[in-house]
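Participant: So my numbering is basically just the index in the sequence shown, starting at one, shifted up by 397.
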Amino acid sequence: MTRLLKKIIGVICLSLIVLSCNQPNRVEETGNRYEARVDSVLSIMTLEEKIGQLNQYSLGSEFTGPGNKKGQDSIRYQQLISGQVGSVLNLLGAENTLKMQKLVVENTRLGIPLLFAYDVIHGYQTMFPVPLAESASWNLELMEKTAQAAAAESAASGLHWTFAPMIDVTVDARWGRVMEGAGEDPYLQSEIATARINGFQGNDLSHNKTIAATAKHFAGYGYAESGKDYNSVNINNYILHNHILPPFKAASEANAASFMNAFNDINAVPATANQYLLQDILRKKWNYDGVVVSDWNSIGELVNHGVSPDLKNAAKKAISAGSEIDMEGTAYIRNLASLVEEGEIDIAAIDKAVKHVLQLKFELGLFDDPFKYSNSERENEIVGNEMHHDLAEEIAKESIVLLKNERSLLPIKSAKNIAVIGPLAKDKDTPLGNWRAQAVANSAVSLYEGLEQTFPEDVNFEYAEGVELSIGPNNFFQEQVINERDKSGFEEAKALAKKSDLVIMALGETAYMSGEGRSRADIGLPGLQKELLKEIHAVNPNIILVLMNGRPLELSWEDENIPAILEAWHLGQRAGIAIAETLVGQNNPSGKLTMSFPRQVGQIPIYYNHKTTGRPSTAPGQVFYTHHTDVDNSPLYPFGFGLSYSKFDYRQIELSQNSMTEDEEIMATVTIQNTSEVDGQEIVQLYIQDLEAEETPMIKSLKAFQKVEVKAGQTVQVEFSIKKQMLSYYKSNGDLTLEKGDFRVFIGTNSTVEQYKKFELK
Ligand code: BGC
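1. Tell me Pro667's beta-bridge partners as DSSP assigns them.
2. According to DSSP, is Ser1056 part of a helix, a strand, or is it coil?
3. Cβ atoms of Tyr627 and Asn661: under 8 Å apart, would you say?
4. For the stretch 812 to 883, list the alpha helix (DSSP H) runs that are entirely contained and at least 4 residues long, ordered along the chain.
5. Based on DSSP bridge pairs, tell me the residues matched to Trp558.
6. Alpha helix (DSSP H) containing Gly449: first to last residue?
7. Does the distance from the CB of Trp535 to the CB of Lys989 come in under 8 Å?
8. Starting from the N-terminal end, write out each residue whose C-beta falls within a distance shorter than 5 Å of any non-hydrogen atom of ligand 1.
9. Using 8 Å as the threshold, is the C-beta distance between Gly624 and Arg571 below it?
10. Give me the Cα-Cα distance between Val737 and Met992, rounded to the nearest whole angstrom.
11. Taking contact to mean 3 or more Cβ pairs, one atom from each stretch, closer than 8 Å, check whether the stretch 940 to 951 and the stretch 905 to 913 are in contact.
12. Skipping 5 residues on each side, what residues in its chain have a beta carbon closer than 8 Å to that of Cys418?
13. Report all residues from its chain with a CB closer than 7 Å to the CB of Pro644; omit the five preceding and five following residues, and keep chain order.
14. Report yes or no: do three or more beta-carbon pairs, one from the stretch 915 to 930 and one from the stretch 539 to 554, lie closer than 8 Å?
15. Report the residue from Leu963, Gln498 and Glu881 whose alpha carbon sits nearest the alpha carbon of Gly924.
16. For Pro421, which residues in the same chain have their Cβ closer than 6 Å to its Cβ, ignoring the five residues on either side in sequence?
17. Spatial neighbours of Pro510 within its chain, please: CB distance less than 8 Å, with the 5 preceding and 5 following residues excluded, ordered by chain position.
18. Consult DSSP for Glu1062 and reduce its assignment to one of helix, strand or coil.
19. Do the CB positions of Ala654 and Gly687 come within less than 8 Å of each other?
20. Let's see if you can read the secondary structure: which residues bound the alpha helix (DSSP H) around Lys896?
21. Do Phe525 and Leu488 have their CB atoms nearer than 8 Å?
22. Mapping DSSP to helix, strand and coil, what is Asn1071?
23. Out of curiosity, what's the CA-to-CA distance linking Gly719 and Ala750?
24. Buried or exposed: Thr427, going by 16 or more other Cβ atoms within 10 Å of its Cβ?
25. Considering Val700, what are the terminal residues of the alpha helix (DSSP H) in which it resides?
26. Tell me the start and end of each unbroken alpha helix (DSSP H) in the stretch 996 to 1027 that is at least 4 residues and wholly inside, in chain order.
27. Can you have a look at Phe1021 and say buried or exposed, based on whether 16 or more other CB atoms are within 10 angstroms of its CB?
28. Return the residue from the list Ile744, His638 and Val1142 that minimises the CA-CA distance to Thr1066.
29. So, helix, strand or coil for Ala1090, using DSSP?
30. Give the DSSP bridge partners of Glu964, in chain order.
31. Take Leu899 and list the residues in its own chain whose beta-carbon comes closer than 6 Å to its own, dropping the five residues that flank it on each side.
32. Leaving aside the five residues before and after Ala659 along the sequence, list all residues of the same chain whose C-beta is less than 7 Å from its C-beta, in chain order.
33. Using DSSP with H/G/I as helix, E/B as strand and the rest coil, what is Ile1080?
34. Taking the beta strand (DSSP E) that Glu1106 belongs to, which residues open and close that run?
35. If you drop the 5 nearest sequence neighbours on each side, which residues of the same chain put their C-beta closer than 7 Å to that of Ala894?
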C-alpha cells in the first residue's frame, strides 16, 4: 500500500472513532469515559505506532522554524512525521506548538496528536514564589490559584501537561531540589499536592485553561543520601510508607493525570524499574489509572545503576515494571519492537501503556481538536497578565517568614536614613528562582525598587552592593562560580552603614544556587556574605537581614547577633513589593517554615517528626542519651515556626471527651487571643503523638491546621475534630493500622508546642 493510501485509511478509521466521542456509551457510566474509544484507536494501531506513543523527546523549534534543513534531515524529524513520537517536551508557544501539531497530525498515518509537556513549576511566565516558599504560606486556596494561573498561561501557549507538582518529602536542606517541594511533613505535603493538582487540572482537563499535572518523583528522591542529587536512597519501609508515599497517594486520589519516576534506587531497585512501587503500590493498591512517565533518560540510566547490561535490557525492565513513557532515553523506540518479536515482553504491557497515553489525549480533548490550545490571541492576552502578577504579590506576602524580631525593630517606624546593602538588594533576577519556565530574565521587582515604591517619601535609602556573590555563569545548565576573594566593596558598604540609622541587608542565594544538581555541603550564606555581615554589624548593629534563598540555611551566628531576620525566599515577580510592605508594616508576616533550619549542617537530617529513641534527651549535661556533644538537639528554627507583628496567646486545650471509639470523634478546641494592637493571621497546628504503637512512632505528627485571622485584642476559638484517620499509621509492611491505646494531642503555634491533652482510643 502506498503511504498516502495508508494515511487515508488511517484517517477514516480514526475519524469514525473520534466521531463517536460525543455519543454517550456504556463505559461512560461505569467510570472510565474513554475506554471504548481508546480501545478502538488501539485496535487499529501497528506495533510501531504504539511504541511511538511511548517515545518522548525534548524538541525545540528547529523542526518548525522556516526551512530548517538541518532539523528536517534528522532522525527525530523522520520519527516525528511517521508516528514514532507521542509527546514532546520543551517546545513552547502557540505558534510553534501549532506548527508541530500540524506536522504530526497531517503527516502520520493515524494523525494522533502530540502531547506538549514542560516543567511549569512555579509559573509559566508570571513567576510565583518557588514552591518551598509558597508552602510556607500554608494557604491551600492561594496555592491552588497560583497553579491555576500557571496552567492558564501554559495552556494558552499550547502546552498540555506540566511536570509538576514535585511532592518529594525531604529532610535534607543540602539537597538543592528542596526549593521545588513543600518540605518535610507528609501531611502538609499531601494537602499542598492536592491543591496544586486541582489548580493545574481543574475539573475538566479538556478546558483550554487547564493542563495535566504530574506527581513526581515516584519515589524517594528527596532522601538522596547526604543530600547529593541523584544519589542512592537508603531508608526503611516505615519511612517509605509514612513519610514518602502519603503525598503520592493523595496525588493519586486527586486524579493527577501522570506520575513521574525518580532517578534514585530505593531498597536496591531503581525507581524506574521498581515493580513494587509501580505495580504493587501504584496500580494495585491505589488503583491508579493515569500514565507513568520516566524521568529524563532514567530508563537509560538503569545501565549506570548496574542493573542492566544495555539499553535493551533497560527497556525490558522498565516497561515490565510499568514505566510507560520513555523521556529522552530512546530505549523504547530502539528496542521494544524486537523485545516483543523475541517474546521477551508481553504486548499487553505495551498496550496498557499506550492506553494510558491515549486516554490522556482524549481527556485533554485533543482527538476533538488537536490545535485547541495553540492560540496566539489567547496567548497574548493571558501570558504574564496583570492579574497574575497581583496574585504573585498576594502569595509572596503570605510566604514570608519572620524568623527574628528583637527590640521590635520591625516594622520599621522611625528610621529616616536607611542603608540598603548586599548583592541581592538590587537583583531583579534572583527572586524569579530556579525552574523558572518562561520568566523574563531580570523582570522581578527588586527589594530596592520595592522599598522606594512603598516607603514614605521622607525616608531616604542609600545603596551599596558590599560584595559580589556570583562571578560565574548564572543559568540553569552551568555551575555557578562564587566570589570567595574580592572584598573591594566592603569599605564603601561599611561607611554607608556607619552613617545610617538602620541597615537592611539582602543576602542569600542566587536563583541557581538551589534547584536540580545544586546540592551544597555547606548551607551557610555563600561566599563572602557572612564576612560582610559581620563587618557591617561591627559598625552598625541595627540590622534587618532579608534573606533570599531556595532552601533552609545555617544561620546560627546570624540568629545570635542580628536583631531582625526576615526569610524572603525567591518570591517571584513582585518580590520587592511584598518584602517592602512587610518591612514597613503594611503586611503582617504570617508564614511558617515547612522545613527545619539546622543549627549546624552536622545535624542534618533534622526534622520535627523523627522517631523517639530508647534514650531521648531528658536534661542537658548528661552523657548517655541521643545527642551531639557540641550542639543542642533542637533545630535553630523548627518546622511550623514563624513570628508575626501580632502576639498570640494560646489558652488550654479543651477536649469534648477523653476517649473515643473508632466510630467517634473528639472535638479539640483552643482559644487564641491576639494581645497586640495589630491584626494578624495565625497558623494553628494540631499534632498527634501515639503512646502505644506496635512500631516505634514519630514523636509527633501534624494532622491538621487552620490559618485564622485574629483582629487586634480579639479572641477566637479554633476547633478541630480528631478522627480515626489521624490516629492510624502504616506498618513497615505497608498495611494501614489503627491501634487502641493512649494518644496525645498538641495544639499550638509550631512543632515545638508542649501543651497537650491525653485521650484514649478504645
Ligand atoms: C528532572 C525532572 C524534570 C525533567 C524534564 C529532569 O532532570 O528531574 O523533574 O521534569 O528533567 O525537564
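All C-beta atoms in this analysis are idealised placements derived from N, C-alpha and C, irrespective of residue type, glycine included. Note that the coordinates shown come from a computational prediction; the quantities given were computed from them, not determined experimentally.
Facilitator: Let me spell this out:
1. Mapped onto the sequence shown, residue 667 falls at position 270. Partner(s): Asp662.
2. The sequence position of residue 1056 within the sequence shown is 659, counting from 1. Ser1056: strand per DSSP, three-state reduction.
3. As a first step, residue 661 must be located in the sequence shown, where it is residue number 264. As a first step, residue 627 must be located in the sequence shown, where it is residue number 230. In this structure, Asn661 places its C-beta atom within 8 Å of the C-beta atom of Tyr627.
4. Correct list: 844 to 851.
5. In the sequence shown, counting from the first residue as 1, residue 558 sits at position 161. DSSP links Trp558 through a beta bridge to Ala514 and Ala609.
6. For this step, residue 449 is matched to residue 52 along the sequence shown. Run containing Gly449: Leu444 to Gln450, per the alpha helix (DSSP H) assignment.
7. The residue you call residue 535 lines up with position 138 of the sequence shown. The residue you call residue 989 lines up with position 592 of the sequence shown. Cβ atoms of Trp535 and Lys989: closer than 8 Å.
8. Here the residues come out as Asp516, Phe560, Asp692 and Trp693.
9. As a first step, residue 624 is located in the sequence shown; it is residue number 227 there, counting from the start. As a first step, residue 571 is located in the sequence shown; it is residue number 174 there, counting from the start. Gly624 is a Cβ neighbour of Arg571, given a cutoff of 8 Å.
10. Taking the sequence shown and counting its residues from 1, one reaches residue 737 at position 340. Taking the sequence shown and counting its residues from 1, one reaches residue 992 at position 595. Between the alpha carbons of Val737 and Met992 lies a gap of roughly 47 Å.
11. Because the criterion of three Cβ pairs below 8 Å is met, the stretch 940 to 951 and the stretch 905 to 913 touch.
12. Against the sequence shown, residue 418 aligns to sequence position 21. Here Cys418 scores only 48 on pLDDT, less than 50, and its place in the model is too uncertain to base an answer on.
13. Taking the sequence shown and counting its residues from 1, the one referred to as residue 644 is at position 247. Only Ile564, Val566, Pro583, Gln586, Ser587 and Ala590 meet the Cβ criterion.
14. Because the criterion of three Cβ pairs below 8 Å is not met, the stretch 915 to 930 and the stretch 539 to 554 do not touch.
15. Residue numbering aside, residue 924 sits at position 527 when the sequence shown is read from its first letter. The candidate whose alpha carbon is nearest that of Gly924 is Glu881.
16. As a working note, residue 421 is residue 24 in the sequence shown. Confidence in Pro421 is poor, its pLDDT being 36 and thus under 50, which makes the residue's placement unreliable; the coordinate value appears in the next sentence. Here the set comprises nothing.
17. Taking the sequence shown and counting its residues from 1, one reaches residue 510 at position 113. Taken in chain order, the residues that qualify are Gln498, Val501, Val502, Lys758, Leu763, Phe764 and Pro767.
18. Taking the sequence shown and counting its residues from 1, one reaches residue 1062 at position 665. Glu1062 falls in the coil class under three-state DSSP.
19. As a first step, residue 654 is located in the sequence shown; it is residue number 257 there, counting from the start. As a first step, residue 687 is located in the sequence shown; it is residue number 290 there, counting from the start. The Cβ atoms of Ala654 and Gly687 lie closer than 8 Å to each other.
20. What you label residue 896 is simply residue 499 of the sequence shown in a count that begins at 1. Phe887 to Lys896 is the extent of the alpha helix (DSSP H) around Lys896.
21. On the sequence shown, residue 525 is found 128 positions in, with the first residue counted as 1. On the sequence shown, residue 488 is found 91 positions in, with the first residue counted as 1. No.
22. The sequence position of residue 1071 within the sequence shown is 674, counting from 1. Three-state result, Asn1071: strand.
23. The residue given as residue 719 occupies position 322 in the sequence shown. The residue given as residue 750 occupies position 353 in the sequence shown. Gly719 and Ala750 have their C-alpha atoms some 8 Å from each other.
24. In the sequence shown, counting from the first residue as 1, residue 427 sits at position 30. For Thr427, the pLDDT reaches just 41, beneath the cut-off of 50, and the residue's location in the model is therefore unreliable, leaving the point undetermined.
25. As a working note, residue 700 is residue 303 in the sequence shown. Note, Val700: alpha helix (DSSP H), Glu698 to His702.
26. Fully enclosed alpha helix (DSSP H) runs of 4 or longer: not present.
27. Within the sequence shown, numbered from 1, the residue matching residue 1021 stands at position 624. Burial call: exposed.
28. As a first step, residue 1066 must be located in the sequence shown, where it is residue number 669. Cα-wise, what sits closest to Thr1066 is Val1142.
29. Looking up residue 1090 in the sequence shown gives position 693. Ala1090 falls in the coil class under three-state DSSP.
30. If you number the sequence shown from 1, residue 964 lands on position 567. Note: Glu964 sits in a beta bridge opposite Val798 and Leu944.
31. The residue you call residue 899 lines up with position 502 of the sequence shown. Taken in chain order, the residues that qualify are Ala812, Ile815 and Asn939.
32. Against the sequence shown, residue 659 aligns to sequence position 262. His614, Phe615, Ala616, Gly617, Tyr618, Ala668 and Asp692, listed in sequence order.
33. In the sequence shown, the residue the question calls residue 1080 occupies position 683. Strand, per DSSP.
34. Counted from its first residue, the sequence shown places residue 1106 at position 709. Here the beta strand (DSSP E) through Glu1106 covers Ser1098 to Val1107.
35. Against the sequence shown, residue 894 aligns to sequence position 497. Same-chain partners within the cutoff: Ala816, Ile818, Val900, Ile933, Val936 and Asn937.
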